[in-house]
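Colleague:
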Amino acid sequence: METRELRYFVAVAEELHFGRAANRLGMAQPPLSRAIRQLERRLGVTLLDRSPRAVTLTPAGSVLLREGRAALDAVDAAGRRTRRAARAGTGEPGLVLVVKAGAGGELLPRLLDAYAAEPDAVDVEVLLCGIGEQGQLLRDGRADVALLHRPYDSLAGLDTEELCTEAQVVVLPAGHPLAGRAELSLAEARALPGLPLPRWPRPDGSYPDGPGPEVRDHAQLYQLIALGRAAAVLPMSCRVQLRPDLTTVPVPDAPTVTTVIAWPPQSRSRAVAGLVRAATRR
1 METRELRYFV AVAEELHFGR AANRLGMAQP PLSRAIRQLE RRLGVTLLDR SPRAVTLTPA
61 GSVLLREGRA ALDAVDAAGR RTRRAARAGT GEPGLVLVVK AGAGGELLPR LLDAYAAEPD
121 AVDVEVLLCG IGEQGQLLRD GRADVALLHR PYDSLAGLDT EELCTEAQVV VLPAGHPLAG
181 RAELSLAEAR ALPGLPLPRW PRPDGSYPDG PGPEVRDHAQ LYQLIALGRA AAVLPMSCRV
241 QLRPDLTTVP VPDAPTVTTV IAWPPQSRSR AVAGLVRAAT RR
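According to full-length UniProt numbering, the sequence shown holds residues 1 to 282 in order.
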């Protein structure tokens, strides 16, 4: 298969309409329809069920949509990494490490210090991103390695090594009546009067329904908590850089959070391998 054919198919599969897909691709509809027919003949399967009223994916089409997206992401990532290498003037450019803004705590500086002490270390650019964006930045080639948090971040399609596991706490305004409690249950943390838990973005950028505020990053979240508009259950390491107008209470029955270092499985970078070794030797 050619990448052009995959891009055509992914556009049609996502739009489920040949006219809209053709507009999205900047081409006429007849050649797009012919290209999809040719792809189906070459594979020997039906990818789309067509009727006068609708276009739907067959089971085979659903598989190709998933695999095609991954393949196109890999192709785009290869191009971005190649251009980065050219700009660096070497076959081994500096690393881009992506982390959620406001996350990382003490772990990130320790990791960077450990890697900098390696004899073959390269420069590491730390890229700060919004909630849930690290995986996509890895897959599309804008980053080489990431710090992710299970179970909150998706690790699908990535290679990972576990770094640490920690309990969680509920973050409250410093003057809240429950701030002096020794602990709260997860049920209590989820039902605090006037302090709903935030709604984090899904991978597609949409937000789940609910009473809590939509939150893009930790800075925004901490401001909302300080204003008495929300509370949040977060890994215990958040206490390292917590604002003085916020406080935390342990939530012993909340699920533990495991921080992992992740990278694309097709990576052959010596620098990525060195950073992962340094991270796991901490």
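Beta carbons are placed, not taken as given, at the ideal position from N, Cα and C, and that holds for glycine.
Among the residues of its own chain, which have a CB less than 8 Å from the CB of Ala230, if the five just before and after it don't count?
Modeller: Only Leu195, Pro196, Leu197, Pro198, Gly212, Pro213, Val215, Leu221 and Leu224 meet the Cβ criterion.
Colleague: Count the other CB atoms within 10 Å of the CB of Ser206; is the residue buried (16 or more) or exposed (fewer)?
Modeller: Classification for Ser206: exposed.
Colleague: Scan the region 221-279 and note each continuous beta strand (DSSP E) run of 3 residues or more that stays entirely inside, going in chain order.
Modeller: Qualifying beta strand (DSSP E) stretches, in chain order: 232-235, 246-251 and 257-263.
Colleague: Cα-Cα, which of Pro52, Leu32 and Gly180 is closest to Leu172?
Modeller: Considering only alpha carbons, the answer is Gly180.
Colleague: Is it true that the region 239-249 meets the region 156-176, where meeting means three or more beta-carbon pairs spaced less than 8 Å apart?
Modeller: At 8 Å Cβ cutoff, the stretches touch.
Colleague: Comparing C-alpha positions only, which one of Arg80, Gly105 and Ala232 sits nearest to residue 357?
Modeller: Absent from the structure is residue 357, since the part of the chain shown begins at 1 and ends at 282.
Colleague: What is the DSSP secondary structure of Glu118, counted as helix, strand or coil?
Modeller: Here Glu118 sits in coil by DSSP.
Colleague: Could you tell me which whole alpha helix (DSSP H) segments of length 4 or greater appear in the region 49-113?
Modeller: Runs of the alpha helix (DSSP H) inside the region 49-113: 59-88.
Colleague: Would the beta-carbon of Leu147 fall within 7 Å of that of Val99?
Modeller: Yes, these two residues count as a Cβ contact at 7 Å.
Colleague: May I ask which residues mark the beginning and end of the beta strand (DSSP E) holding Ala182?
Modeller: Taken as a continuous stretch (DSSP letters only), Ala182 belongs to no beta strand (DSSP E), as it is neither H nor E.
Colleague: Assess, as a yes-or-no matter, whether the region 135-142 is touched by the region 247-264 under the definition of 3 or more beta carbon pairs within less than 8 Å.
Modeller: Short answer: they touch.
Colleague: At what residues does the alpha helix (DSSP H) containing Glu5 begin and finish?
Modeller: First-last of the alpha helix (DSSP H) with Glu5: Thr3 to Glu15.
Colleague: Determine, using beta carbons only, whether Gly61 comes closer than 7 Å to chain C.
Modeller: Absent from the structure: chain C. Only one protein chain is present.
Colleague: Out of Arg4, Arg142, Glu2 and Leu246, state which residue places its alpha-carbon closest to the alpha-carbon of His176.
Modeller: Cα-wise, what sits closest to His176 is Leu246.
Colleague: From His218, Pro31 and His17, pick the residue whose C-alpha is nearest to that of Gly130; which is it?
Modeller: Looking at the Cα atoms, His218 is the closest of the given residues.
Colleague: The beta strand (DSSP E) spanning Ala146 covers which residue range?
Modeller: Taken as a continuous stretch (DSSP letters only), the beta strand (DSSP E) holding Ala146 covers Val145 to Arg150.
Colleague: Evaluate contact between the region 43-58 and the region 107-118, counting only Cβ atoms and requiring at least three cross-stretch pairs below 8 Å.
Modeller: No, because fewer than three Cβ pairs between the region 43-58 and the region 107-118 fall closer than 8 Å, the two stretches do not touch.
Colleague: Using alpha carbons as the reference points, say which of Gln38, Arg41, Glu40 and Leu47 lies closest to Glu14.
Modeller: Here the closest residue by C-alpha is Leu47.
Colleague: Check the C-beta distance from Glu161 over to Ala278 and give it rounded, since I have them as a contact under 8 Å.
Modeller: About 11 Å separates the two Cβ atoms, so there is no contact after all.
Colleague: Find the nearest neighbour of Leu6 within the set Gly210, Val126 and Arg42, judged by alpha-carbon distance.
Modeller: Looking at the Cα atoms, Arg42 is the closest of the given residues.
Colleague: Taking C-alpha atoms, which residue in Phe9, Ala60, Leu158 and Ala28 lies nearest to Gln134?
Modeller: Residue Leu158 is the option with its Cα nearest to Gln134.
Colleague: First and last residue of the alpha helix (DSSP H) that includes Pro30?
Modeller: Looking at the DSSP string, the run of the alpha helix (DSSP H) that includes Pro30 is Gln29 to Leu43.
Colleague: What residues are listed by DSSP as bridge partners for Leu127?
Modeller: Answer is Val98.
Colleague: Considering Cα atoms alone, identify which of Glu106, Asp144 and Gly132 is closest to Val124.
Modeller: Among Glu106, Asp144 and Gly132, the Cα nearest to that of Val124 belongs to Asp144.
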